[in-house]
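Asks: First the structure, which I've put down as structure tokens, then a few questions once you've had a look.
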Amino acid sequence: MVGKKVTNGQIESALNTFLAAGDCLVLGFEKDGTAMRHRVFKNTLENMSVTNHIFALNGGIYLRRLFSKGAKIILLLRPCEIRSYVELVKLSQIEAENIIAVSVDCSGTISSKADDVPVDGGYDVLSQDPGRARFACANCRERRGVVGDAGIRRDVNGQYWVLPYTEKGGTFLALIEGPEEEVSAHMAVPAAGKGAVFQVDMAEFAKDFSRCIMCMNCRDMCPVCYCVDCVFNGDDYLPKGDALFNKIFRTGSTEMPRGRDLFHLIRMYHVSQTCVGCGACEEACPQGIPLTKYFKGVSERLQGMFAYMSGRSPEEPLPFVTFLEDELKDAAD
Ligand code: SF4
Ligand code: SF4
Ligand code: SF4
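In my numbering, each residue carries its 1-based index in the sequence shown increased by 20.
See the structure below:
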């Protein structure tokens, strides 16, 4: 693999060259206080940070239905954010033509809901105490900046590299001064192991989700839960009027809020091929329900059945829209 060694200054200077061409934008992180915010930069990169170790949400959510109308955009985001971008492109929710997606090595993130959110972006806290990482990060399938058009990676000697993966990634690399060279050292963030497989225990599921108040924040903050006309807007999916009275008289009582299990099971089914395991749903839940283990668990098992990994490659077809005559031989009719 060939790339270029870079310093932070060189990345900034490359982005400035990009912005100076006009009609160009950079979406990255703001280095300000707790640095939780994503920010779009147009004229200046003042206060931009390439990394952010405090997780409030997945920036892929800002990219939904992004049609750049001629503007060129560089995304500098975490691997799980770029993976959700790749899925949204495949789902025709983003026009990728003028976008260069750059994933940055991620050593994990701390929840923005922590009582003592660090003011320095979180890197020092996390390196001293890796146990502070969110559940999603401790079990992350891909922390390496190896997805999208290019990656910013750090080797074991602390040297940063820009590596191109596509032609557009080559355009990004060309913005950086200096010679291309073969990557010689190992990278500091290694490939993830097989990871834990989370089995869904329905008794535990019922107990955890009994705390759900159906605020639907988990849906609203999920980057790949993108339907405009969600079936769970309004209450058309619930029995009402006579049907509801019949149900109450027939069963003697009905649980409130209604439709809770249906909501989660349908959402789980809808995102199962595209979930990137980012944990934004859990971060958004006011009830502290451990959503990641359920959504990540179900989706990774399903993706495994189709040898698919969400966001790994734009070339990998979505399993649900791919018909293969000879697959899932063990599945019951
Ligand atoms: S889920 Fe993975 S890529 Fe996303 S913030 Fe956590 S460690 Fe980084
Ligand atoms: S379901 Fe949760 S973990 Fe999966 S992509 Fe959506 S927000 Fe991320
Ligand atoms: S965010 Fe939490 S409380 Fe709200 S609907 Fe989702 S699981 Fe239920």
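Even for Gly, the Cβ is constructed at its ideal location relative to N, Cα and C.
It should be emphasised that the depicted structure is a prediction, and the values quoted were computed from it without experimental measurement.
Closer than 6 Å by C-beta to Met241: which residues in its own chain qualify, once you throw out the five before and the five after it? Chain order, please.
Replies: Same-chain partners within the cutoff: Leu77, Ala300 and Ala304.
Asks: Write down every uninterrupted run of the beta strand (DSSP E) in the region 160 to 207 whose length is 3 residues or greater and which is fully enclosed by it, in chain order.
Replies: Counting whole runs of 3 or more residues, the region 160 to 207 contains the beta strand (DSSP E) stretches 170 to 174 and 180 to 184.
Asks: What residues in its chain sit with their C-beta under 8 Å from that of Ala205, if we drop five residues either side in the sequence?
Replies: Here the set comprises Asp175, Val176, Asn177 and Gln179.
Asks: Apart from the five residues just before and just after Tyr246, which ones in its own chain have a Cβ nearer than 6 Å to its Cβ?
Replies: Contacts found: Arg84 and Gln113.
Asks: When you measure from the CB of Cys235 to every non-hydrogen atom of ligand 1, does any distance come out below 7 Å?
Replies: No, Cβ of Cys235 sits at least 7 Å from all heavy atoms of ligand 1.
Asks: So, do the region 102 to 116 and the region 306 to 313 have three or more beta carbon pairs nearer to each other than 8 Å?
Replies: Segments in contact, no.
Asks: Expressed to the nearest angstrom, what Euclidean distance is found between the alpha-carbon atoms of Gln323 and Pro339?
Replies: Going from the Cα of Gln323 to the Cα of Pro339 covers about 8 Å.
Asks: For the region 226 to 284, which segments carrying the alpha helix (DSSP H) assignment without a break, of at least 4 residues, lie completely within its bounds, in sequence order?
Replies: Counting whole runs of 4 or more residues, the region 226 to 284 contains the alpha helix (DSSP H) stretches 237 to 240 and 262 to 271.
Asks: To the nearest angstrom, how far is the alpha carbon of Asn72 from that of Gly79?
Replies: Their Cα atoms are separated by approximately 12 Å.
Asks: Given 8 Å as the limit, is there contact between the region 180 to 192 and the region 24 to 43, that is, 3 or more CB pairs closer than that?
Replies: Yes, the region 180 to 192 is in contact with the region 24 to 43.
Asks: For ligand 3, is there a heavy atom less than 7 Å away from the beta-carbon of Pro310?
Replies: No, the Cβ of Pro310 stays beyond 7 Å of every heavy atom of ligand 3.
Asks: As a quick exercise: from Gly254, Phe225 and Gln219, pick the residue whose alpha carbon is nearest that of Cys235.
Replies: With distances taken between Cα atoms, Cys235 lies closest to Gly254.
Asks: Per DSSP, which residues does Met68 bridge with? Please list them.
Replies: In DSSP, Met68 forms a bridge with Glu50.
Asks: Would you report the Cα separation of Asp52 and Gly168, rounded to the nearest angstrom?
Replies: Cα to Cα, the separation comes out at about 26 Å.
Asks: Which residues bound the beta strand (DSSP E) around Val220?
Replies: Taken as a continuous stretch (DSSP letters only), Val220 belongs to no beta strand (DSSP E), as it is neither H nor E.
Asks: Take the Cβ of Thr294 as the centre, count every other Cβ of all protein chains shown within 10 Å, and call the residue buried at 16 or more, exposed below.
Replies: So Thr294 ends up on the buried side.
Asks: Among Thr191, Val124 and Ser132, which has the Cα closest to the Cα of Glu162?
Replies: Ranking Thr191, Val124 and Ser132 by Cα distance to Glu162 puts Val124 first.
Asks: What runs of the alpha helix (DSSP H), each 4 residues or longer, lie entirely inside the region 93 to 147?
Replies: Runs of the alpha helix (DSSP H) inside the region 93 to 147: 99 to 110.
Asks: Just to confirm my understanding: we take Cys44, look at its own chain, exclude 5 residues before and 5 after, and list those with CB closer than 6 Å. What are they?
Replies: Contacts found: Phe38 and Lys92.
Asks: Please classify His290: does DSSP put it in a helix, a strand, or coil?
Replies: Helix.
Asks: Have a look at Ser319, Ile120, Thr342 and Lys267 and flag the residue whose alpha-carbon is nearest the alpha-carbon of Val220.
Replies: For Val220, the nearest C-alpha among the options comes from Ser319.
Asks: Could you tell me the distance, in whole angstroms, from the CA atom of Pro150 to the CA atom of Val341?
Replies: Straight-line Cα distance between these residues: approximately 39 Å.
Asks: Assuming Cys160 contacts Ala212 (C-beta within less than 8 Å), just tell me the rounded distance between them.
Replies: Confirmed, Cβ separation roughly 6 Å.
Asks: Taking 7 Å as the cut-off, is the CB of Ala300 close to at least one heavy atom of ligand 2?
Replies: Ala300: yes, Cβ under 7 Å from ligand 2.
Asks: At the level of alpha carbons, what is the spacing between Val248 and Gln148?
Replies: Cα to Cα, the separation comes out at about 42 Å.
Asks: Let me check one thing: in DSSP terms, what residues is Val60 bridge-paired to?
Replies: According to DSSP, which records beta bridges pairwise, Val60 is partnered with Leu47.
Asks: Does ligand 3 have a heavy atom nearer than 7 Å to the CB of Ala304?
Replies: Result yes, Cβ under 7 Å from ligand 3.
Asks: Can you give the beta carbon distance from Arg280 to Cys232, rounded, assuming they're within the 8 Å contact cut?
Replies: About 5 Å; that satisfies the 8 Å criterion.
Asks: Taking 8 Å as the limit between beta carbons, can you name the residues of its chain near Val70, skipping five residues before and five after?
Replies: Answer for Val70: Asn28, Ile31, Gly48, Phe49, Leu96, Val124 and Ile172, listed in chain order.
Asks: Using only the heavy atoms of ligand 1, determine whether one of them is closer than 7 Å to the beta carbon of Ala156.
Replies: Yes; taking the cut-off as 7 Å, the Cβ of Ala156 has a heavy atom of ligand 1 nearer than that.
Asks: Looking only at its own chain, which residues have a Cβ that is under 8 Å from the Cβ of Val251, when we skip the five neighbours before and after it?
Replies: Answer for Val251: Tyr257 and Ile286, listed in chain order.
Asks: Are Ile81 and Met56 touching if we call contact CB-CB under 8 Å?
Replies: Result no, Cβ atoms of Ile81 and Met56 do not sit closer than 8 Å.
Asks: Measure the CB-CB distance between Tyr314 and Phe192 and report whether it falls below 8 Å.
Replies: Going by C-beta atoms, Tyr314 is not nearer than 8 Å to Phe192.
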